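Each remark here refers to the structure printed beneath this line.
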Amino acid sequence: MNYWRVASYGYPNPFDGPKPKLTWDLLLSFEENQSYNKVKAQWGESATNRMTPHAVESRKSSFEEFGLLYVESGSDLINITPGGRQLIEAGLSGDEETFAWVGLSLLARFPLAGPPRSRRTANEEVGFPIYGFLMTALCELDDYLWFAELLQVISAVTTTHGARTAVELVSSSRVKPESYPALRELPDIKGAAYNSMNQILNHVGLAGLTLASEREVSPYSGEPSRRDVVRASYREMLRLVTGTRAALNPSDDCAPTGQFIDRLASVPGFTDEVDYFEYLGAAVPPIGQARSALAAELPEVLFGDESVSVLTEQVHYERTHGGVRGDLSLLCRLSRNQRLVLSHDREWTYRVRDKIRNDSGGVDLSLARSKPLIDLEYVIPYFSDEVSDA
């Protein structure tokens, strides 16, 4: 049975109960020491919260998954990532908003395959962003998930193609619960799967900060009554992390509609563990930058019945080898196969081949040349002023 396997310990949270705070204290001990062996020795000698080296190792793996730090294979040196430092500073200063923004943004980069040193699985798409997809699914599914939906449907998704089918299945099952299929057998591995799902919700919830667990009467007969809900104060943030607009207006062209699953950005592949951890833990741009990007307009023109986005270089994107790069929030409207006009090429239109998150809080679009741009004069007024007369 395939299901998402994640770190087995919860998220460090200085704002919540004893267990998250203990994990937070452990994180701080990593930040205060350069030697991993010293951290293990410190907790092995603790009079009140003694931990074995194995327990510290397991929690270290969790911190690595969260993008907060890493220890290279065969090394004793602790590397706190830029994103990890941001989160620690926010926690120490009592800044819950920045803490949550950084924590969720780092999680959204985590791929199904984990670090290159991990044992590879038979999953179809190792760059699939499991936490990013879960956040997007929560936005699409009215800000909550039944535990049964996560266990039976959502956590079975391993490709961007399968994401659409899963969300549609959950949505239709809520309308007609009696048609809800028991998709997967959960015999011997049930305990491990349940534990992994519990940890996934703990991680995305930042140990109770962004998600609240409720006990309600489940619409699915014989299934757990647990339902996890995005706290109202964090619904805007979750949409910003996933690249959707903050406003919950269905007419908004970047609202969390079914189309947004098709815009889900993948995670690049890595063969070097340092490159992987530097990507995972790269600094997170301020939340204000994401809000400003979403407020910006992305012009569109009609070519026949097709809506084509018009992008201006240095305003909406920068050129890369084989494509363009821009802010995730700004380019959130663009789905795979969408047609574009780019200001630096006034002879051709392009289609979006793929979308991959980068380490600067943005997204790289790989492009394929599409059709010739026949009516340039029609498009020029839609370029930004600084290039419209070029």
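Here the sequence shown stands for residues 35 to 424, numbered as in this note's numbering.
C-beta atoms are modelled at their ideal positions from N, C-alpha and C, and glycine is treated no differently.
Since this is a predicted model, take the numbers as computed values, not measurements.
Query	Result
Same chain, Cβ closer than 6 Å to A241, neighbours up to 5 away in sequence not counted	G44, Y45, N47, D50 and P54
Spatial neighbours of F181 in its chain, beta-carbon cut-off 6 Å, leaving aside the 5 residues before and after	P258 and R260
Beta-carbon proximity check, L62 vs W77, cutoff 9 Å	no
Cβ distance (whole Å) where S461 is taken to contact V397 below 8 Å	It is not possible to answer for residue 461, since the shown part of the chain is limited to 35 through 424.
Any 3 or more C-beta pairs closer than 8 Å across the segment 372-381 and the segment 338-355	yes
Contact under 9 Å by Cβ, V251 with L172	no
Secondary structure of A197, DSSP reduced to three states	helix
C-alpha distance - T305 paired with A41, whole-angstrom precision	21 Å
Rounded C-alpha distance that separates V201 from H350	30 Å
Cβ neighbours of I114 in the same chain (closer than 6 Å, five flanking residues each side left out)	E65 and L103
CB-CB length for D262 against L245, believed under 8 Å	5 Å
DSSP beta-bridge partners of L374	S343 and Y384
Limits of the unbroken alpha helix (DSSP H) element including R269	R269 to T276
Outcome for D177 when other beta-carbon atoms lying within 10 angstroms are tallied against a minimum of 16	buried
N83 classed as buried or exposed, judged by whether at least 16 other C-beta atoms fall within 10 angstroms	exposed
Segment contact, 8 Å Cβ cut-off, at least three pairs: the segment 181-190 with the segment 316-327	no
Rounded Cβ spacing between L138 and L314 (contact assumed at less than 8 Å)	Not quite, the Cβ-Cβ distance comes to about 14 Å (not below 8 Å), so this is no contact.
Status (buried if at least 16 other CB within 10 Å, exposed otherwise) for V275	buried
Three-state secondary structure assigned by DSSP to D50	coil
Member of P333, L298 and L56 whose CA lies at the smallest distance from the CA of Y416	P333
Segment limits, alpha helix (DSSP H) that includes S95	P87 to E99
Where W180 sits in the DSSP three-state scheme	strand
Proximity of F311 and P145 at Cβ, strictly below 9 Å	no
Contact check, R143 vs G125, beta carbons under 9 Å	no
C-alpha distance - S377 paired with A327, whole-angstrom precision	19 Å
CB of W38 within 9 Å of CB of M231, strictly	yes
N- and C-terminal bounds of the beta strand (DSSP E) containing S247	L245 to R249
Nearest neighbour of A299, chosen from V308, V238, T194 and V136 [CA to CA]	T194
Collapsed DSSP secondary structure at G108 in the structure displayed	coil
Inter-residue Cα distance where the pair is F100 and S267	22 Å
Cβ pair S400, G277 closer than 9 Å	no
Where I223 sits in the DSSP three-state scheme	In this prediction, I223 scores a pLDDT of 49, lower than 50, which makes its location untrustworthy; no coordinate-derived value is stated.
Bounding residues of the alpha helix (DSSP H) (the contiguous stretch that carries Y306)	A quick correction: the sequence has Asp, not Tyr, at residue 306. Premise fails: D306 is in no alpha helix (DSSP H) and is neither H nor E.
Per DSSP, the bridge partner or partners of A402	R385
T132 - partner residues in DSSP beta bridges	According to DSSP, which records beta bridges pairwise, T132 is partnered with nothing at all.
Element boundaries [alpha helix (DSSP H), containing T170]	I164 to E174
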